[in-house]
Each structure stands twice: as structure tokens, then as C-alpha cells.
Amino acid sequence: MQAIMEKVNLAIFVSGSGSNCENLIKYFADSNSVNCALVVSNKPDAYALVRAKNLGVPSAVVSKAELNDADVMMPLLRQYDIRFIVLAGFLPLIPNFLIDAFPRRMVNLHPALLPKYGGKGMWGHHVHEAVKAAGETETGMTVHWVTPVCDGGDIIAQYKVALSPDDTADDIAEKEHELEMKYFPQVVEQVISLL
1 MQAIMEKVNL AIFVSGSGSN CENLIKYFAD SNSVNCALVV SNKPDAYALV
51 RAKNLGVPSA VVSKAELNDA DVMMPLLRQY DIRFIVLAGF LPLIPNFLID
101 AFPRRMVNLH PALLPKYGGK GMWGHHVHEA VKAAGETETG MTVHWVTPVC
151 DGGDIIAQYK VALSPDDTAD DIAEKEHELE MKYFPQVVEQ VISLL
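Next comes the structure, spelled out in C-alpha cells:
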């Protein structure tokens, strides 16, 4: 008789509107292996919290001080039996104690083809404007492991899209976002399946 696999409880960390957060929750809604158990945001007004509530997923808001306090974060994550963390547009740097607690169990989505356009200040529209300013002929998304170096973890997967000289930063953002919607949940699922 085959043993029943226990679902992996996933926490999604998010700072903004949460389109990727919602996409992940919907993608794993009927999963036999992954459960989106918690959404964590550093911003009390993040629309991602509304999306999580509408989809029946518990959420928590943590201040910068709380994020950097192991006595706050570890009990919160234990409460929901979190075994994997996905950063989906989460802007603060992750403290080392969390990285140590989730070795090769925390991934980040970056809206560019790392190692280009990564690091401090390179998030959201700043990335797309930099890609446009550099005259790049392609952009894409990168999923990578989270390490103490901002955007410096090993790359897990990258997906590319061609750009035209006429594309504005908004056009670039839209093309890149389509890749995120299509591929990000699949990459997360593949990584978790290897746990």
C-alpha cells in the first residue's frame, strides 16, 4: 500500500498587489502535494492581503522589526507548519535566520534575466526601465534560491521574451508579467516535488 504524501505547506511573502500570489493560490487550490497555507506582507495596505482573504488563505502583516525578529517569525511560520517560502514581489531583505531555517526551501521571483538588473533597488518598474534604457533585445523572469546576497542565489529557472525597440517600459513589464503568470507556479511545483 502506498503511503499518503503529506502536503507541503507554503508561505507566500508579498509586498504589493499580489497577482503572482493569487496565481499561486489558484494554481495549488486542487493540488495533492502543495497547500498555500499563509500569505505574509510587510505592508498592511497590500492588495495581496485582499486577494488572500477572498481566496480563503490566512495572512499576517509583519513590520520590518518583526520580520527581523526570530521570536516573531519562527513561531508564526511554525503555527502554519510552513515548509517552503516563496517570495513573490517581497521587497525587504530576508534576515539570515530565516534563510538558515529554510535552506533550499525559499525561492524568489525576479523580473529580469539575472545576473543582469539585480540587487539593491532593482525591483518592479525600476528593472523594466533599466532594461529599456539599456536597449536590451530580450528580457524575462528568473526564479532563484534566496541567499544572504540580494538576488545572488543560484538560478533555478529562467524564461525569456523578445523585445522590440518600440517597447516602452510598460510594454516590457507586461511581456515579462505574462511569463510569470505562465511559468512561476510550475517552477515552484517542480522545486517542491524534489523536497
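Residue 59 in the numbering used here is what sits at position 59 of the sequence shown, and the numbering runs on without skipping anything.
Just so you know, even glycine gets a beta-carbon here, dropped at the ideal spot from N, CA and C.
Note that the structure is a prediction, hence the values are computed from the model and not measured.
Taking 9 Å as the cut-off, the beta carbon of Val-107 is found closer than this to the beta carbon of Trp-145.
Here the segment 116 to 136 does not lie against the segment 40 to 51, with fewer than 3 beta-carbon pairs under 8 Å apart.
Counting only runs that start and end inside the segment 13 to 94, the beta strand (DSSP E) elements of at least 3 residues fall at 34 to 41, 59 to 61 and 84 to 87. Around the beta carbon of Gly-89, 16 or more other beta carbons lie within 10 angstroms, which makes this residue buried.
Cβ neighbours of Val-14 within its own chain (closer than 7 Å, five residues either side excluded): Cys-21, Val-39, Ser-41, Ala-46, Ala-48, Ala-88, Gly-89 and Phe-90. For Cys-150, the closest alpha carbon among the candidates Phe-28, Pro-75 and Pro-92 is that of Pro-92. Counted as a single uninterrupted DSSP element, the alpha helix (DSSP H) harbouring Glu-174 occupies residues 169 to 193. Under the three-state reduction of DSSP output, Ala-134 falls in the coil class, being neither helix nor strand.
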